[in-house]
Every structure is written in structure tokens, then in C-alpha cells.
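To start, the structure itself, in C-alpha cells.
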Amino acid sequence: VVFFGAVSACLVLVFFRAVPENSPSTLAELHKQTQLEPTQESFAWPHFGAVKSKYSFWTICVMFGCIQGVNSAWQATFQETLGKGTSANLTDSAIGWLGFFNQGANSLGCLASATVTDGIFRATGRRAYRAMLITCFGLSAAVCWLFALGLASAAWSGPLLDLGSSALVCIAVASGFTVGLGSPCAFELSAELGYPAVSEGLASTIIFCMWNAACFAVLFVPPAALKSSANLIISLTLTVMVVLCTTLREKYHRQEATADMGLPATSMAGVKLTDG
Numbered sequence: 267v268v269f270f271g272a273v274s275a276c277l278v279l280v281f282f283r284a285v286p287e288n289s290p291s292t293l294a295e296l297h298k299q300t301q302l303e304p305t306q307e308s309f310a311w312p313h314f315g316a317v318k319s320k321y322s323f324w325t326i327c328v329m330f331g332c333i334q335g336v337n338s339a340w341q342a343t344f345q346e347t348l349g350k351g352t353s354a355n356l357t358d359s360a361i362g363w364l365g366f367f368n369q370g371a372n373s374l375g376c377l378a379s380a381t382v383t384d385g386i387f388r389a390t391g392r393r394a395y396r397a398m399l400i401t402c403f404g405l406s407a408a409v410c411w412l413f414a415l416g417l418a419s420a421a422w423s424g425p426l427l428d429l430g431s432s433a434l435v436c437i438a439v440a441s442g443f444t445v446g447l448g449s450p451c452a453f454e455l456s457a458e459l460g461y462p463a464v465s466e467g468l469a470s471t472i473i474f475c476m477w478n479a480a481c482f483a484v485l486f487v488p489p490a491a492l493k494s495s496a497n498l499i500i501s502l503t504l505t506v507m508v509v510l511c512t513t514l515r516e517k518y519h520r521q522e523a524t525a526d527m528g529l530p531a532t533s534m535a536g537v538k539l540t541d542g
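According to our numbering, the sequence shown is numbered sequentially starting from 267.
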């Protein structure tokens, strides 16, 4: 773990610039100099009151943070739910590789999400983040329910579906992909809904705070109870969040401000998608 962490840190330092060549949005590019040389006013929250009553902004931040936090805690239970003595009966080595491929699939999902949403924007002129979130987390909820039904839980004594260990592993990896597929959309939509009252960075910080809080809350459950309920918790969380996604009001404040200023729209990677 230490070795891979050190190698990853070195790669980031070597290949990622301190100042990205492409800003995350056209407005970020416009205000780059202000962001690089922050003033005292940059750290004040003079407009935060304007966002405190925005239902959609807080819903997406809390919702996505809870999904990621519960998902992180759920992955930590693979040893107990899939290891020796369970119906899956996987070895420690197999569970380690499962975690690796789950995270790899999550990263691939994030990359695919950018390609899909940018393609939708080029074709329709709209981002459709809410539709992407409902689709991605809906698929993830279905996958997690299938995973839960294939194992014993607090609600039933034995597996309700005879899936086999190979199928359970594939399902767990698929869950990583579907959650990753919706992640960039959640970050982008929170930034859109919060603009201009809060910055992109502050919106992400709120999400990460909820992420850690949700993960801590789940891990606070006694180990015996968590082993028998972890699959139900992640499945129910995703189901509730999909329902909440349908109540979001989709507003693209940054995109509208960009268009009003005659600036070109950009992709998630900061590449121009239009000529303005």
C-alpha cells in the first residue's frame, strides 16, 4: 500500500501541472487569475445566504455524499460478506483483487461519464445531468439489490438467489462502474446549482464532508450488525437517492452565465465544445 501510494504521488507530481492547462469551466478560466492570487474577500462567504434555501443544491450535495460514504463503508465489508465461511467463500486474495477491480471500474465509469455527457451536449445543447444521475444510480441500485439477494442478510436467513461467487464478483465490479458513471455529473450539477453563491471548490467540499460523515456513521454500526445489514444499507440508500433525484430542479447557472457573456461552453476536461 505504501509503495503504490508513493508511486501514485510521484506520478501526480511529475505529470500533473500545479496550474492545469485547461480550466474546469469557461468561467473558471475567466477568473483564473483571481483564483491563483486569492484576496481576503476570496475566503469570505458574502453570498452563502443566497444558497442556504436552495433545495436542489443541498439535496444533490447531501445525496451524493451519502451515496459515496455508504459505498465506501460497504466495500470495507467484502471480507465479512464474501470471505471464508460465507456462501461466496472467497479467499483473502480474491477479495483484494475484487476491491482493486471495483475501484478500477469506478474510474472507468468516471471517464465514460464525461464522454457520454459531452456527447449529449453536442447533440442536444443540454447537459442532462439529472437524467444521467437517475439512470446511473438507478442501475447501481438494481445491481446492489441483486448482490444483496445473492447473500444472507438481516432480513432473510440465506441467499434468495443462487448466483454463485463468480456472479457476485461481477456484480460488485459492475456496481463500481455504475456509481463512477454518475459521479462527475453529481459534482458538476452541484457546481451549476450553487453558482454564483458558492464556488465549485466549496460545493465539492460540502460533498466530501457528507461523504466522510456517512462513511463514519455506517462504520459506527457494530461489526456483527454491519455484516448482516451492509448490503441492505447500500441498496436502500441508492433507492432513496434515485427517488430524490427525480425531485431535483435542473438549473445550469454557470452555463447560462457563460452563454450570456458570449464565452464558449467547455467539456468536463475544460476543452471547448462550442465557439461561444
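We put the beta carbon where it would ideally sit given N, CA and C, even for glycine.
Cα atoms of Ile473 and Trp324: separation of roughly 9 Å, rounded to the nearest angstrom. For Asn355, the secondary structure class from DSSP, reduced to helix, strand or coil, is coil. Ranked by Cα distance from Ile437, the first of Ala360, Val409, Asn372 is Val409. Between the alpha carbons of Lys517 and Leu356 lies a gap of roughly 46 Å. Cβ-Cβ separation between Gly331 and Cys475: approximately 7 Å, consistent with a contact (criterion under 8 Å).
For Phe482, the enclosing alpha helix (DSSP H) covers residues 466-485. Residue burial annotation: Leu277 is exposed, with fewer than 16 other C-beta atoms found within 10 angstroms of its C-beta.
Per DSSP, the continuous alpha helix (DSSP H) segment holding Leu415 begins and ends at 395-415. Beyond the five residues adjoining it in sequence on each side, Cys511 comes within less than 6 Å, by CB distance, of Leu399, Ile400 in the same chain, given in chain order. Cβ atoms of Ile326 and Leu514 come within 8 Å of each other, at about 6 Å.
Separation of Met507 and Ala440 (C-alpha to C-alpha, rounded to the nearest whole angstrom) is 18 Å. Close CB contacts of Pro425 within its chain, under the 8 Å cut and outside five residues either way in sequence, are with Ser353, Leu415, Gly416, Leu417, Ala418 (chain order). When DSSP states are grouped into helix, strand and coil, Trp422 belongs to the coil group. A Cβ-Cβ separation of about 5 Å places Ala480 in contact with Val336 under the 8 Å criterion. Straight-line spacing of the CA atoms in Val273 and Leu364 works out to 21 Å. Selection Ala523, Ile499, Asn497 evaluated against Gly460 yields Ala523 as nearest (Cα-Cα). Of Leu468, Leu429, Gly351, the smallest CA-CA separation from Lys493 is found for Gly351. Pro450: member of the alpha helix (DSSP H) spanning 431-460, first to last residue. CA-to-CA, the gap between Asn372 and Ser423 works out to about 31 Å. Apart from the 5 residues on each side of it in sequence, Gly404 sits with its Cβ closer than 6 Å to the Cβ of Val508 in its chain, given in chain order.
Runs of the alpha helix (DSSP H) spanning 4 or more residues and lying entirely within the stretch 336-387 occur at 344-348, in chain order. With fewer than 16 other Cβ atoms inside 10 Å of its own Cβ, Tyr321 counts as exposed. Counting along the chain, Pro489 sits inside the alpha helix (DSSP H) bounded by residues 489-511.
DSSP, read as helix, strand or coil, puts Tyr321 in helix. Only residues of its own chain outside the window of five on either side were considered, and among them none has a CB closer than 6 Å to the CB of Gly467. Inclusion of Gln334 and Gly442 in the CB contact set at 8 Å is not warranted, their separation being larger than that value.
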